[in-house]
Amino acid sequence: MVHNNISISNGRVFLREIIESDWNDIHEYASQEMVCQYQPWGPNTIEDTKNFVNQIMEEANNEKLRTRYVFAIIEKANKRLIGAGEFNIRDSFNRNGEIAYIVNPKYWGKGIATEVANLIIDYGFKEHKMHRIFATCDPRNIGSSKVLQKVGMIQEGKIREDLLIKDGWRDSLLYSILKHEWQIL
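Mapped onto our numbering, the consecutive letters of the sequence shown carry residue numbers 2 to 186.
Structure (structure tokens):
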């Protein structure tokens, strides 16, 4: 198994690539309805979570075609996996990337998602030379909207009915930040 062992860190958390043994900690939050209520997946079964981890590891091992980087969020104080962050190269020619994050509800409201979003945006601009990084969220997900605003992203608009979730078609708010905007933050 080849792994790049990418690791990103700040004050309270560090991000590292997901490994097989992470499935149990991931399943702790991915099996909860409240975590995936705005997502097209979940709540996960154990098999769903193990398949997700295996898929991520398989993608990480195919470096030539790799466009997705999924990181375990590790709380430094207790060395515990408390969520996941993601960076996706959506358009390499135009240098557009997308971020996403998910945090165990035990850690909601503590600024973890904001720290993670900052780390992943910085990673995208510095390591992948992106020009624009964006994120989407369900308009009902007030917490996620606040995170995206706190990290300096600008709301560009609303994408209508772009994601089919359990309760029907979901609209998505679209946020972005440009490289030159990030440099001044």
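Every residue, glycine too, gets a C-beta built ideally from N, C-alpha and C.
Nearest candidate by alpha-carbon position, reference residue i, set the options
{"i": "L149", "options": "V117, G169, M131, D163", "result": "V117"}
{"i": "E34", "options": "P106, Q156, G112", "result": "P106"}
{"i": "S173", "options": "M131, D123, L164", "result": "L164"}
{"i": "I20", "options": "A61, E99, V36", "result": "A61"}
Residue i, buried or exposed, once every other Cβ within 10 Å from all chains shown has been counted against 16
{"i": "R171", "result": "buried"}
{"i": "S93", "result": "exposed"}
{"i": "N45", "result": "buried"}
{"i": "G98", "result": "buried"}
Which of helix, strand or coil DSSP assigns to residue i
{"i": "G125", "result": "helix"}
{"i": "G144", "result": "helix"}
{"i": "W170", "result": "strand"}
{"i": "T115", "result": "helix"}
{"i": "D139", "result": "coil"}
{"i": "N242", "result": "The structure shown does not extend to residue 242, since the chain is modelled only from 2 to 186, so the question has no answer here."}
{"i": "Q40", "result": "coil"}
{"i": "A85", "result": "strand"}
{"i": "K159", "result": "strand"}
{"i": "M2", "result": "Legend: pLDDT at M2 = 37, less than 50; position of this residue unreliable, value from coordinates given subsequently. In this structure, M2 counts as coil in the three-state DSSP scheme."}
Host alpha helix (DSSP H) of residue i (start-end)
{"i": "E34", "result": "34-37"}
Residue interval of the beta strand (DSSP E) (run including residue i)
{"i": "E60", "result": "No beta strand (DSSP E) contains E60, which is instead part of the alpha helix (DSSP H) from 47-61."}
{"i": "E64", "result": "Careful: E64 lies outside any beta strand (DSSP E) and carries neither H nor E."}
In DSSP terms, what residue i is bridged to
{"i": "L120", "result": "Paired residues: none, contrary to the question."}
{"i": "S8", "result": "R17"}
{"i": "N25", "result": "Per DSSP, none; premise fails for N25."}
{"i": "L164", "result": "R171"}
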